[in-house]
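Undergrad: Sending over a structure as structure tokens; questions will come in a sec.
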Amino acid sequence: MARDDSYLRIETVTKRFGSVTAVDQVDLSIGTGEFFSLLGPSGCGKTTLLRMLAGFETPDVGEIYIDGAPVSGTPPHMRPTNMVFQNYAIFPHLNVERNVAYGLRKEKLGREEETRRVNEALEMVKLGGYGQRKSNELSGGQRQRIALARALIRRPKVLLLDEPLGALDKKLRTEMQIELRQLQQSLGVTFVFVTHDQEEAMTLSDRIAVMAHGKALQVASPKEIYNDPTDMTVADFIGQMNFLEASVREVSGDQAILDAAGFGAIKAPARRPYVQKSARLIAALRPEKLTLSESAPEGGANSVRGKIEAAAYLGDRSHFHVRVDGLEQPIAVAGPDEQPGGGSLAEGAPVWLSWSDEAVILLERDRG
Amino acid sequence: MSKLAHLQRPNRPLMIYAIVYLAFLYLPVALLPMFSFNDSIYIRFPLEGFTTKWYAEMFGDRQMHAALRNSIQVGVIASVTATILGIFGAKAVTRFRIKGVKPVLGVIMLPLVIPPIIMGVALLILLTQADIKLSLWTVTMGHILICVPFSIVTLMASFEGFDKSMEEAAADLGDNAWWTFWRVTFPMVFPGILASLLLCFTISFDEFIMAFFLAGTEQTLPIFIYSQLRFPQKLPGVLALGACIITVTFVVVFLAQWLRGRSFGTPQAGGE
Numbered sequence: 014m015a016r017d018d019s020y021l022r023i024e025t026v027t028k029r030f031g032s033v034t035a036v037d038q039v040d041l042s043i044g045t046g047e048f049f050s051l052l053g054p055s056g057c058g059k060t061t062l063l064r065m066l067a068g069f070e071t072p073d074v075g076e077i078y079i080d081g082a083p084v085s086g087t088p089p090h091m092r093p094t095n096m097v098f099q100n101y102a103i104f105p106h107l108n109v110e111r112n113v114a115y116g117l118r119k120e121k122l123g124r125e126e127e128t129r130r131v132n133e134a135l136e137m138v139k140l141g142g143y144g145q146r147k148s149n150e151l152s153g154g155q156r157q158r159i160a161l162a163r164a165l166i167r168r169p170k171v172l173l174l175d176e177p178l179g180a181l182d183k184k185l186r187t188e189m190q191i192e193l194r195q196l197q198q199s200l201g202v203t204f205v206f207v208t209h210d211q212e213e214a215m216t217l218s219d220r221i222a223v224m225a226h227g228k229a230l231q232v233a234s235p236k237e238i239y240n241d242p243t244d245m246t247v248a249d250f251i252g253q254m255n256f257l258e259a260s261v262r263e264v265s266g267d268q269a270i271l272d273a274a275g276f277g278a279i280k281a282p283a284r285r286p287y288v289q290k291s292a293r294l295i296a297a298l299r300p301e302k303l304t305l306s307e308s309a310p311e312g313g314a315n316s317v318r319g320k321i322e323a324a325a326y327l328g329d330r331s332h333f334h335v336r337v338d339g340l341e342q343p344i345a346v347a348g349p350d351e352q353p354g355g356g357s358l359a360e361g362a363p364v365w366l367s368w369s370d371e372a373v374i375l376l377e378r379d380r381g
Numbered sequence: 111m112s113k114l115a116h117l118q119r120p121n122r123p124l125m126i127y128a129i130v131y132l133a134f135l136y137l138p139v140a141l142l143p144m145f146s147f148n149d150s151i152y153i154r155f156p157l158e159g160f161t162t163k164w165y166a167e168m169f170g171d172r173q174m175h176a177a178l179r180n181s182i183q184v185g186v187i188a189s190v191t192a193t194i195l196g197i198f199g200a201k202a203v204t205r206f207r208i209k210g211v212k213p214v215l216g217v218i219m220l221p222l223v224i225p226p227i228i229m230g231v232a233l234l235i236l237l238t239q240a241d242i243k244l245s246l247w248t249v250t251m252g253h254i255l256i257c258v259p260f261s262i263v264t265l266m267a268s269f270e271g272f273d274k275s276m277e278e279a280a281a282d283l284g285d286n287a288w289w290t291f292w293r294v295t296f297p298m299v300f301p302g303i304l305a306s307l308l309l310c311f312t313i314s315f316d317e318f319i320m321a322f323f324l325a326g327t328e329q330t331l332p333i334f335i336y337s338q339l340r341f342p343q344k345l346p347g348v349l350a351l352g353a354c355i356i357t358v359t360f361v362v363v364f365l366a367q368w369l370r371g372r373s374f375g376t377p378q379a380g381g382e
């Protein structure tokens with residue numbers, strides 16, 4: 014996973030609070046200018062990890078390197094990082110201009126130069142002319158921008174963002190996502206972005222670390238994480254996924270044949286080392302990789318009979334729950350509402366499910 | 111209109127109770143200024159004519175001047191010291207992860223419930239054993255002891271009233287602990303600090319028992335007042351002084367409460 018141009022390196026970092034292990038032996042490398050997201054449910058350790066980068070917490074085990082230098086002994090005010098806090102932490106006793114200029118104390122700029130820098134930062138977040146506003150006269154979105162300007166005015170090498178869009182409504186969120194991404198691209202600053210929103214992480218990031226129970230489960234590009242998850246928790250957390258119990262009957266070259274509950278014998282790519290003869294695994298299938306039809310598909314395609322239990326029309330696509338004999342959970346299928354041939358898929362209708370071999374992802378059972 | 115009507119209607123018996131209660135509290139206090147303007151050395155009805163001569167007499171008393179100066183000196187030193195200690199205590203209790211913080215806090219708060227006479231005697235024994243001469247400084251020490259809990263309680267409210275992430279943001283923006291305190295913490299808790307100073311000053315200024323035990327030859331104002339009560343002809347003058355003290359104390363406590371309630375509101379982040 015190590016990259017040559019890695020700017021931030023987190024080496025086997027562990028942090029405990031009492032008996033709780035918040036961050037558990039995490040290894041990460043983040044490149045210069047990368048938009049890197051830490052994604053996971055609340056309590057997964059993503060914020061603790063971010064706070065360790067900022068210097069508010071110290072790792073119990075392991076070391077963090079910024080630009081090659083270990084930083085564990087470096088207090089927050091000496092680090093080349095700046096942070097956008099979850100609640101923005103705008104100083105209520107200072108106006109917008111003083112808030113944004115807060116981090117310029119050590120640079121000892123003249124009044125003119127300081128004003129220029131503040132205006133520049135405010136322009137950057139599209140709040141030019143707001144300098145004299147009182148901090149309690151700002152809306153949520155404006156506070157978020159001020160927090161961003163205040164952090165960026167110090168020209169940090171790394172910007173740490175702790176769920177910065179969490180408090181905004183959906184429309185504003187989408188707007189800010191686009192702006193954040195543009196800002197990051199134009200400044201070339203490394204962004205480390207903490208979020209629990211998978212869609213947000215997918216939209217913004219160059220790479221994502223999916224975290225759960227203090228561990229980084231998978232670190233990869235959004236595409237890879239969606240199409241090729243290496244872990245059941247990751248597969249479950251990102252998008253929707255059908256899981257089937259399966260045992261390997263045979264492995265030959267790149268392909269494995271498995272007995273899957275309810276689906277019978279299925280074929281799947283066998284790229285991973287744990288795909289061994291008679292191993293008990295999980296076969297995972299994305300809902301949109303499944304196709305519904307009213308009659309048995311022609312040719313040698315993998316298929317299984319089922320019955321539509323529920324159908325939901327969402328405009329651009331439809332969601333179906335298909336009951337397959339021998340399975341406790343219905344299979345989720347996403348696809349167009351109309352089937353080729355004009356037939357409609359109503360609740361209670363018998364259908365055939367089909368998929369391609371390549372769509373099957375083989376995963377180890379959860380270690381947890 | 112609704113079942114809730116009885117909650118909105120003024121309740122006559124309760125109102126009468128409230129008036130009687132307030133009268134019981136403040137009527138005796140109101141008598142003090144009233145008789146201080148009465149042209150007679152006897153405290154009795156009917157009132158005999160308006161005079162300000164008791165005030166003039168009291169303000170001309172050199173002993174009173176000395177006692178007032180002593181009280182102000184003790185009050186200022188005690189309130190400033192107690193507030194500084196209170197800032198440390200309140201910051202530690204509200205900001206750091208400390209093991210066993212509850213029992214420690216309990217011990218700090220103990221002087222609130224220990225009778226001052228016990229504290230006074232205990233301190234007197236201690237000082238005598240340590241061979242420390244009684245003076246205004248020993249009174250000041252005693253007053254610091256009883257003021258610190260009040261200061262901590264007042265300041266804890268201020269510290270809890272603002273988010274820890276403000277201080278973290280200051281650190282993140284390049285300020286060390288010293289600068290963070292002066293640029294963020296101090297302005298944020300300033301109303302609390304002022305409230306603590308005023309509260310501690312009034313506590314020290316009014317305090318009698320500890321001062322009685324711990325003062326040497328120099329009197330504080332409450333002890334001076336007590337000593338004056340031996341002379342019947344001095345009583346109206348004491349009333350005049352009392353009226354002045356009540357007025358000043360009232361203003362100061364009111365100011366302290368007002369400042370305590372006035373802090374920076376942090377509006378919740380929301381949509382545009």
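Here the protein sequences line up with chains A and B, keeping their order.
Reading the first sequence from the start, the letters are residues 14 to 381 in my numbering.
Reading the second sequence from the start, the letters are residues 111 to 382 in my numbering.
For each residue, glycine too, the CB sits at the ideal point set by N, CA and C.
None of the values given here were measured: they were computed from a predicted structure.
By DSSP, does residue 209/A sit in helix, in strand, or in coil?
TA: Residue 209/A: coil per DSSP, three-state reduction.
Undergrad: Which residues, taken in chain order from the region 53-82 of chain A, show a beta carbon closer than 7 Å to some beta carbon of chain B?
TA: The region 53-82 of chain A vs chain B, Cβ under 7 Å: 67, 69.
Undergrad: Hey, would you say residue 166/A sits closer than 8 Å to residue 200/A, going by beta carbons?
TA: Against a cut-off of 8 Å, the Cβ pair of residue 200/A and residue 166/A comes out as no contact.
Undergrad: Taking the beta strand (DSSP E) that residue 301/B falls in, what are its first and last residues?
TA: Segment 296-316 is the alpha helix (DSSP H) holding residue 301/B; no beta strand (DSSP E) there.
Undergrad: Please go through the same chain and pick out, in chain order, the residues whose beta-carbon is closer than 6 Å to the beta-carbon of residue 57/A, but skip the five residues on each side of it.
TA: Correct list, in chain order: 224, 225.
Undergrad: Beta carbons nearer than 9 Å to chain B: which residues of the region 80-111 of chain A have them?
TA: Taking 9 Å as the Cβ-Cβ cut-off against chain B, the residues of the region 80-111 of chain A that qualify are 88, 89, 90, 91, 92, 94, 95, 96, 98, 99, 100, 101, 102, 103, 104, 105, 106, 107.
Undergrad: Counting only Cβ pairs nearer than 7 Å, list the residues of chain A close to residue 268/B.
TA: The premise fails here: residue 268/B is roughly 13 Å from chain A at the closest Cβ pair, so nothing lies under 7 Å.
Undergrad: Using alpha carbons as the reference points, say which of 69/A, 76/A, 340/A, 82/A lies closest to residue 458/B.
TA: As shown, chain B starts at 111 and ends at 382. That puts residue 458/B outside it, with no answer to give.
Undergrad: Going by DSSP, what residue range makes up the alpha helix (DSSP H) through residue 245/A?
TA: That run of the alpha helix (DSSP H) goes 245-250.
Undergrad: I believe residue 275/B touches residue 102/A by the beta-carbon criterion, under 8 Å. Please report the beta-carbon distance rounded to the nearest angstrom.
TA: Contact flag correct, Cβ pair sits at about 4 Å.
Undergrad: Counting Cβ pairs closer than 8 Å, one from the region 235-246 of chain A and one from the region 33-49 of chain A, do we hit at least three?
TA: The region 235-246 of chain A is not in contact with the region 33-49 of chain A.
Undergrad: Consult DSSP for residue 122/B and reduce its assignment to one of helix, strand or coil.
TA: Helix, per DSSP.
Undergrad: Give me the residue from 186/A, 135/A, 203/A, 148/A with the minimum Cα distance to residue 173/A.
TA: When each option's Cα is compared against that of residue 173/A, the closest is 203/A.
Undergrad: Mind listing the chain B neighbours of residue 163/A? Cutoff is C-beta to C-beta under 9 Å, in chain order.
TA: Going along chain B in sequence order, the residues near residue 163/A (Cβ under 9 Å) are 279, 283.
Undergrad: Could you tell me if residue 91/B is buried or exposed, where buried requires 16 or more neighbouring beta carbons within 10 angstroms of its beta carbon?
TA: The question about residue 91/B has no answer, for chain B in this structure spans 111 to 382.
Undergrad: Give the DSSP bridge partners of residue 370/A, in chain order.
TA: Note: residue 370/A sits in no beta bridge, so no partner.
Undergrad: Please return the same chain residues whose Cβ sits closer than 7 Å to the Cβ of residue 290/B, not counting the five positions on each side in sequence.
TA: Answer for residue 290/B: 277, 280, 281, listed in chain order.
Undergrad: Is the CB of residue 118/A under 8 Å away from at least one CB in chain B?
TA: Output row for residue 118/A: interface = yes.
Undergrad: If we cut at 8 Å on Cβ distances, does residue 273/B have a partner in chain A?
TA: At least one chain A Cβ lies under 8 Å of residue 273/B.
Undergrad: In angstroms with no decimal places, state the Cα-to-Cα distance between residue 269/A and residue 51/A.
TA: Going from the Cα of residue 269/A to the Cα of residue 51/A covers about 33 Å.
Undergrad: May I ask you to report which of helix, strand or coil DSSP gives residue 334/B?
TA: Helix, per DSSP.
Undergrad: Within 10 angstroms of its Cβ, does residue 206/B collect 16 or more other Cβ (buried), or is it exposed?
TA: Residue 206/B is exposed by the Cβ-count criterion.
Undergrad: Look up residue 224/B in the DSSP assignment and say whether it is helix, strand or coil.
TA: Residue 224/B: coil per DSSP, three-state reduction.
Undergrad: Ignoring anything shorter than 3 residues or poking outside the region 140-198 of chain A, list the beta strand (DSSP E) runs there in chain order.
TA: Listed in chain order, they are 171-175.
Undergrad: In chain A, which residues lie less than 7 Å from residue 294/B when you measure between Cβ atoms?
TA: Residues of chain A passing the Cβ test: 104.
Undergrad: For residue 301/B, decide whether its Cβ has a neighbour in chain A, counting only Cβ atoms nearer than 8 Å.
TA: Cβ-Cβ to chain A under 8 Å: no for residue 301/B.
Undergrad: Note down, in chain order, each residue of its chain lying with its Cβ closer than 7 Å to the Cβ of residue 61/A, except the 5 sequence neighbours on either side.
TA: If we look at residue 61/A and ignore the five residues flanking it on each side, its Cβ neighbours are 28, 35, 36, 70.
Undergrad: Against chain A, does residue 297/B count as a neighbour if the rule is that its beta carbon must be under 8 Å from one of theirs?
TA: Cβ-Cβ to chain A under 8 Å: yes for residue 297/B.
Undergrad: With three or more beta-carbon pairs closer than 8 Å as the criterion, would you say the region 124-140 of chain A touches the region 294-302 of chain B?
TA: No, the region 124-140 of chain A is not in contact with the region 294-302 of chain B.
Undergrad: Does the CB of residue 276/B have a neighbour CB from chain A at under 8 Å?
TA: Residue 276/B counts as touching chain A.
Undergrad: Buried or exposed: which applies to residue 23/A, given that a residue is buried once 16 or more other Cβ atoms fall within 10 Å of its Cβ?
TA: With 16 or more Cβ atoms within 10 Å of its Cβ, residue 23/A is classed as buried.
Undergrad: Using a Cβ cut-off of 7 Å, which residues of the region 235-254 of chain A contact any Cβ in chain B, in chain order?
TA: Listed in sequence order: no entries.
Undergrad: Who are the Cβ neighbours of residue 141/A in its own chain at under 6 Å, not counting the five residues just before and after it?
TA: Only 135 meet the Cβ criterion.
Undergrad: Are there three or more Cβ pairs, one per stretch, closer than 8 Å when the region 246-257 of chain B is compared with the region 318-329 of chain B?
TA: With a cut-off of 8 Å, the region 318-329 of chain B and the region 246-257 of chain B count as touching, because enough Cβ pairs lie within range.
Undergrad: Hey, how far is the Cα of residue 145/A from the Cα of residue 109/A?
TA: Cα-Cα distance, rounded: 6 Å.
Undergrad: In or out: residue 400/A buried (at least 16 other Cβ within 10 Å) or exposed?
TA: No information on residue 400/A is available, as it lies outside the stretch 14 to 381 that chain A covers here.
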